[in-house]
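Asks: In our numbering, the protein residues as written are 1 to 227. Yeah, the Cβ is synthetic: ideal placement off N, Cα and C, and Gly gets one too. Dropping the structure in here first, questions after.
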Ligand code: ADP
Ligand code: ADP
C-alpha cells in the first residue's frame, strides 16, 4: 500500500530521515512509534508531500507520490493532526464536506455523506451538523476531524498524534472508535505516536523508529517477543 524506499530528509544540518525503508500493507492499522525527534511526522508528511525527500521515494499503491500533483494526491489521502484544524467559521457539515465539494459532488450526496460519517463517529447528525467548531468539545472536534479526513473515501488515512491533546478518558474513547472504524471500513491507517500503550492498543503492525531509521517492524506480538 505504502512503501518507503531509502527515504532521506535533512532540515539544514539536522537529519530527520536517514534512509527509511518501510512497507505498510493494504488494510493494516500501522503505527509509527518512537521518541520525539525520531522522524515519524516527517515520514508521514512525505506521503502527502508536505515534505519532499532529499533522496529515495515513497510509493502509494506502487505509484511514486512525486508523479502526481500534490493537490490531487491530497484528495486521496485523509490527514488528521493534533489539535482542531477545522475551519472555525464553517459548520461541522461544511468542514466535513470540504473535499467532496472540491471534487464536485452534488449537494445532496455531500449532505448524505456528512450524516453517514457523523453517525459512524457516533455524533448525532441532527445535533451536530450545523454547529461551529467552537461549539464542540476537544473529543468531538477530533471526531469531526476524522470524519472530514474520511469524507471522500481516501485510499489511506494518515494520523499524526491525533489524540495527544485530549484527556485520558476521551483519548481512550477515541482509540476505541478508531479500532472499530478500522474493523468496519478495512481502511489502511498509518498513525504516528510516541505512546507505547496507544501503539499496542491499536496496531496490527508497529514500526519502531529512531534517528530517522526503522529499528523494528512487525505485528505487536512479535515485537513483544523480540530480545
Ligand atoms: P517526530 O515526529 O518523531 O517527533 P519529526 O519528524 O517531527 O520527529 O522531526 C525529526 C527531526 O527533524 C527533528 O530533529 C526535528 O526537529 C526536525 N524537523 C522536523 N521538521 C522540521 C522543519 N520543518 N524544520 C526544521 N527541522 C525540522
Ligand atoms: P505545521 O505544524 O508544520 O504548520 P501541520 O501539520 O499543523 O503543519 O499542518 C499542515 C497543513 O496541511 C495544515 O494546514 C493542514 O490543515 C493542511 N492539510 C489539510 N489536509 C491535508 C491533506 N490531506 N494533506 C496535506 N495537508 C493537509
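By Cβ distance, which residues of its chain are closer than 8 Å to residue 8, with the 5 residues on each side in sequence left out?
Replies: For the purposes of this step, residue 8 is taken as the residue at position 8 of the chain shown. Hits under 8 Å: 15, 17, 18, 19, 20, 53, 54, 55, 56, 212.
Asks: State yes or no: is the C-beta of residue 42 nearer than 6 Å to some heavy atom of ligand 3?
Replies: Ligands present in the displayed structure are limited to ligand 1 and ligand 2, and ligand 3 is not among them.
Asks: How about residue 39 and residue 209: are their beta carbons less than 7 Å apart?
Replies: As a working mapping, residue 39 is identified with position 39 in the chain shown. As a working mapping, residue 209 is identified with position 209 in the chain shown. A contact, by the Cβ cut-off of 7 Å.
Asks: Thinking C-beta only, is residue 10 closer than 7 Å to residue 205?
Replies: By 1-based counting over the chain shown, the position of residue 205 is 205. By 1-based counting over the chain shown, the position of residue 10 is 10. It is not a contact, given that the beta carbons lie outside the stated cut-off.
Asks: Please give the ranges of any alpha helix (DSSP H) in the segment 43-99, keeping only runs that are unbroken, at least 4 residues long and fully inside the region.
Replies: Under the rule that a run must span 4 or more residues, the alpha helix (DSSP H) segments found entirely inside the segment 43-99 read 70-75, 92-96.
Asks: Give me the Cα-Cα distance between residue 199 and residue 3, rounded to the nearest whole angstrom.
Replies: Along the chain shown, read from residue 1 onward, the residue named residue 199 stands at position 199. Along the chain shown, read from residue 1 onward, the residue named residue 3 stands at position 3. Distance between the alpha carbons of residue 199 and residue 3 is about 20 Å.
Asks: With a Cβ-Cβ cutoff of 7 Å, do residue 44 and residue 207 count as a contact?
Replies: Looking up residue 44 in the chain shown gives position 44. Looking up residue 207 in the chain shown gives position 207. No, they are not a contact pair.
Asks: By alpha-carbon positions, which one of 127, 179, 99 ends up nearest to residue 74?
Replies: Within the chain shown, numbered from 1, the residue matching residue 74 stands at position 74. Nearest of 127, 179, 99 to residue 74, Cα basis: 99.
Asks: Give the DSSP-derived three-state secondary structure of residue 26 in the structure shown.
Replies: Along the chain shown, one-based indexing puts residue 26 at 26. If DSSP states are grouped into helix, strand and coil, residue 26 belongs with coil.
Asks: Start and end of the alpha helix (DSSP H) containing residue 140?
Replies: The count along the chain shown starts at 1 and reaches residue 140 at position 140. Annotation: the continuous alpha helix (DSSP H) that includes residue 140 extends over 138-150.
Asks: Might you give, ordered along the chain, the residues of its own chain that have their beta carbon closer than 6 Å to the beta carbon of residue 42, omitting 5 neighbours on each side?
Replies: In the chain shown, residue 42 corresponds to position 42, counting from 1. Hits under 6 Å: 9, 16, 17, 51.
Asks: Do residue 92 and residue 159 come within 7 Å of each other at the CB atom, strictly closer than that value?
Replies: As a first step, residue 159 must be located in the chain shown, where it is residue number 159. As a first step, residue 92 must be located in the chain shown, where it is residue number 92. No, the pair does not count as a contact, with Cβ atoms beyond the cut-off.
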